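Step one of this worksheet: look at the structure below.
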Amino acid sequence: MPQPERLPGAPEFRIRLPRGGGEARGCLLTEFGNNGTNRFLLFKESAVAAGASPGLGDHARRLRAELRASGGLVDASADPGRPQAPPYWVTARDIECNSSSAAAALVYGYDASGPESWRTDEGHPLADYLSTAWRAPRKAWLVRGANVSGHNLARKLWPAEGIVSLSGAHLPPLEESDPTKSALRRFVEEGYEGAASYHQKQGLVDELHAFLTQMRVGDTVATFDDDRLYTGRITGEAVQTASPGGLSNLRRTVDWRPGGHPYEELPGEVQQKLSVQHDVVDLTGVLEALDGLDGREGLEGLDAPGASAGQVEGAEPAAAGGTGERPAQRELTLPQVTGELAAQLLVHDRAWLEEVRELLLDEKQLVFYGPPGTGKTYLATRLAEHFGGGPEQVKIVQFHPSYAYEDFFEGFRPAADPETREVAFRLTAGPLRELADLASREGNRHVPHFLIIDEINRANLAKVFGELYFLLEYRDRSVRLTYSGDDFALPPNLFVIGTMNTADRSIALVDAAMRRRFAFVELSPRTEPTAGLLARWLEREGRDAEPARLLDALNSLIEDPDFAIGPSYLMKPGVYRDGGLERTWRTKILPLLEEHHYGEGLDVAARYGLDALRGQRP
């Protein structure tokens, strides 16, 4: 009897049964089953669960019964070292299955996805080695093109050419139209050796696979540029072509819908998806919301009268011949402070904002510190989005006493297999590692990226930063990382803004090493730009100025500046509903002062209450 032919290039796969129930192994075959996928060979001496789920399909149930009756499945010998292990069977010969899912159902005793259940010894799913897999009839994708090695392709190239593109400068010529993820992983490992970190290469494989294999004609595509979301419909298959610098050598044709949608008008679920920091993001989960933006299903009728094909409103025309000459790389800089930004932040002294910009350029790291309610986190976020060019270049984390290096940078974390529920430790990147890898992509070094650390003094900083202490001061040096062993350097375009609440005396002070590495900028109700902020906000909102006068009177009575009350407590809509000011004062402000004066026997309400403050006014 001829031996079945194994699929070339595909490794062996395995399934581990839960609670020490043994291991099954097998491989893909070149022959296709009657469901259109590769048949699967389950090897002799593979473990098979003895029990079966009531929901197991009839075909799998009959196959298990026939194999038991014919001697293809026999009882496994008891393992003295595992007396509590569940009973299981063992295959007495190789068994050909109609598909990997049929083999998984045979092994588990319940219906399961073969492409996800079977894994290589390295943990890669069998799906990576299949050229075809089930997908939704229509999907949606975000493809970033505003910062491709410092060039805005989404504005210049894509609308004029009617395309969407991805950079694959170091890929060899692709012979397959739908390359498997395993083939792409091999190309990336070889082509990007020494040019990208492990995590960068892992992300690039996923993005290439999505662009080349998962995208289909008719799918919705979106891109984000200048705080607007543009949408279109994919009309062509992926092609590989030459382009200046390899910036756009993987392309698909697209009918771009004219106009765009302002970020602030997008549904919250879409805004959340836009914060995912990858070049290609699956937006299928918000496809209905994207369709709703244009008021039609599937973006039908994209060619509006009077609009040229693919033209995006406000887009700059491309030079003749597509991309034109490749412009010189830009120096790393931060956008200038504008009068519009100062007005939005209610900072009437632009010199203060310009000083913050200079500190970031010089130091790369700074901390906003001050009492509660002074808008430290809000200001940090808005400045980061302005200087970084948008929310996709900003990541926010909050420190707390149990936060550690493994949470912040990288470490081995437990992860459960969705099918077997077995837990294994896998090296996982934390927010700083993810953002650093994004910022250090080829050409992205000219695009500012920001990490905001809220409540930076609430963690054991030496424990959280580890060897990163060194890199915060020496951006041009690298260190060998504790877990991955990579040689790592903080990219020069990664900026860090921390916030610190000075009223929280239960937290240890920031040590001298951190103070040396960060610039510290005070936000206090007694100094600019926070002083007078509430009065300016009330004036802009057309409200009475009394709350600002009351807050100033309150802070004049507080001797310790670290316990002054910031204006943000009184910049919320609820304060200005009936009884809102009194309610906020009683439930938000007075409790802070009671804690400050704890044990002193002071009548806080009599000294700081609204009636007392109003009585002090001339």
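Residue numbers for the sequence shown follow the numbering used here, so the first one is 2 and each next one is one higher.
Glycine included, each C-beta is placed from N, C-alpha and C at the ideal position.
Computed from a predicted structure; not experimentally measured.
ask   = Between the segment 70 to 80 and the segment 13 to 20, do three or more beta carbon pairs fall short of 8 Å?
value = No: fewer than three Cβ pairs fall under 8 Å.
message = Could you tell me the alpha carbon to alpha carbon distance between L131 and L380, rounded to whole angstroms?
response = So the alpha carbons of these two residues sit roughly 48 Å apart.
Candidates E332, L333, E355: closest to T339 by CA position = For the residues E332, L333, E355, the minimum Cα distance to T339 belongs to E355.
query = Rounded C-beta distance between S1 and Y111? I'm assuming under 8 Å.
reply = Nothing can be reported for residue 1: it is not among the residues displayed for the chain, which extend from 2 to 619.
key: Cβ-Cβ distance between F471 and V395 below 7 Å   = One thing to note: F471 has its Cβ no nearer than 7 Å to the Cβ of V395.
ask   = Are there 16 or more other CB atoms within 10 angstroms of the CB of S100, so buried, or fewer, so exposed?
value = By the neighbour-count criterion, in which 16 or more other beta carbons inside 10 Å mark a residue as buried, S100 falls on the buried side.
ask   = CA-CA distance, L361 and A490?
value = L361 and A490: Cα-Cα distance of roughly 18 Å.
query = To which residues of the same chain is G307 closer than 8 Å at the C-beta, ignoring the five residues directly before and after it?
reply = With a pLDDT of only 30 at G307, under 50, the local geometry of the prediction cannot be trusted, and the value read off the model is given with reservation. If the five residues before and after G307 are omitted, its C-beta is found closer than 8 Å to no C-beta atom of its own chain.
message = So, at 7 Å on beta carbons, what are the nonlocal neighbours of Q241 in its own chain, with the 5 sequence-adjacent residues on each side left out?
response = Excluding residues within five positions, the ones whose Cβ falls inside 7 Å are P174, L175, N250, L251.
task = Determine, using beta carbons only, whether L623 and A104 come nearer to each other than 7 Å.
result = In this structure the chain extends from 2 to 619, so residue 623 is not present and cannot be described.
Min CB distance T285 to chain C below 7 Å = In summary, chain C is missing from the structure at hand, where a single protein chain is found.
task = With distances taken Cα to Cα, identify the nearest neighbour of D512 among E560, R544, A463, Y475.
result = The candidate whose alpha carbon is nearest that of D512 is A463.
task = Please state whether DSSP places I498 in a helix, a strand or coil.
result = Strand at I498.
task = Kindly list the residues whose CB is nearer than 7 Å to the CB of T503, restricted to its own chain and excluding five residues on each side of it in sequence; keep chain order.
result = Within the same chain, T503 has close Cβ partners Y370, G371, P372, D563.
request  = Could you tell me which uninterrupted beta strand (DSSP E) segments, each at least 3 residues in length, are contained entirely in the segment 69 to 136, listed from first to last along the chain?
outcome  = For the segment 69 to 136, whole beta strand (DSSP E) runs of length 3 or above, ordered along the chain, are 74 to 76, 89 to 92, 96 to 98.
query = Helix, strand or coil: which one does DSSP assign to P263?
reply = Strand at P263.
ask   = Hey, how far is the Cα of E191 from the Cα of R414?
value = Straight-line Cα distance between these residues: approximately 28 Å.
query = If you run the structure through DSSP and keep just helix, strand and coil, what is I164?
reply = If DSSP states are grouped into helix, strand and coil, I164 belongs with the strands.
request  = Tell me whether Y89 is buried or exposed, calling it buried when 16 or more other Cβ atoms sit within 10 Å of its Cβ.
outcome  = Note on Y89: 16 or more other CB atoms within 10 angstroms of its CB, so buried under the neighbour-count rule.
message = Do L367 and V522 count as a contact pair if the criterion is CB distance below 7 Å?
response = Yes, these two residues count as a Cβ contact at 7 Å.
ask   = Apart from the five residues just before and just after V281, which ones in its own chain have a Cβ nearer than 6 Å to its Cβ?
value = Setting aside the 5 residues that flank it on each side, V281 is surrounded in the same chain by V144, E208, A211, F212, each with a C-beta closer than 6 Å to its C-beta; the list follows chain order.
message = Do I164 and V255 count as a contact pair if the criterion is CB distance below 7 Å?
response = Taking the C-beta atoms as reference points, I164 is found nearer than 7 Å to V255.
task = For the alpha helix (DSSP H) containing W142, list its first residue and its last residue.
result = Judged by DSSP secondary structure, W142 falls outside any alpha helix (DSSP H) and instead within the beta strand (DSSP E) spanning 141 to 144.
inquiry  = Does the structure place the segment 435 to 444 close enough to the segment 480 to 496 that three or more beta carbon pairs sit under 8 Å?
reply    = The segment 480 to 496 is in contact with the segment 435 to 444.
request  = Identify which residue in A239, W142, V91 has its Cα closest to the Cα of A290.
outcome  = Considering only alpha carbons, the answer is W142.
ask   = Can you tell me whether Q278 is buried or exposed, with buried defined as 16 or more other CB within 10 angstroms of its CB?
value = Q278 is buried by the Cβ-count criterion.
inquiry  = Could you give the first and the last residue of the continuous beta strand (DSSP E) run that contains N556?
reply    = No beta strand (DSSP E) holds N556; the alpha helix (DSSP H) holding it covers 547 to 558.
Whole-number beta carbon distance between E393 and S569, since they are thought to touch under 8 Å = No, S569 and E393 are not in contact; Cβ-Cβ is about 26 Å, not under 8 Å.
task = Alpha carbon to alpha carbon, how far is P3 from S102? Give it in angstroms, no decimals.
result = Taking the straight line from one Cα to the other gives about 24 Å.
key: Any alpha helix (DSSP H) of 4 or more consecutive residues that is wholly inside the segment 146 to 202   = 154 to 157, 159 to 162, 182 to 192, all fully within the segment 146 to 202.
message = My output table needs one value for A463: the three-state DSSP class, helix, strand or coil.
response = Reduced to three states, the DSSP call for A463 is helix.
key: Classification of K140 by the beta-carbon crowding that lies within 10 angstroms, buried from 16 upward   = Buried, by the Cβ-count rule.
message = Less than 7 Å between the beta carbons of K45 and D129, yes or no?
response = At a Cβ-Cβ threshold of 7 Å, K45 and D129 do not count as neighbours.
query = With L347 and L534 assumed to form a contact (beta carbons below 8 Å), what rounded beta-carbon distance in angstroms separates them?
reply = Yes, L347 and L534 are in contact; Cβ-Cβ is about 6 Å, under 8 Å.
Best match in A532, L154, T92 for proximity to E67 [C-alpha to C-alpha] = Nearest to E67 by alpha-carbon distance, out of A532, L154, T92, is T92.
task = Answer with buried or exposed for G10, where buried requires no fewer than 16 other C-beta atoms within 10 angstroms of its C-beta.
result = Under a 10 Å Cβ-count criterion, G10 is classified as exposed, with fewer than 16 other Cβ atoms of the shown protein chains found around its own Cβ.
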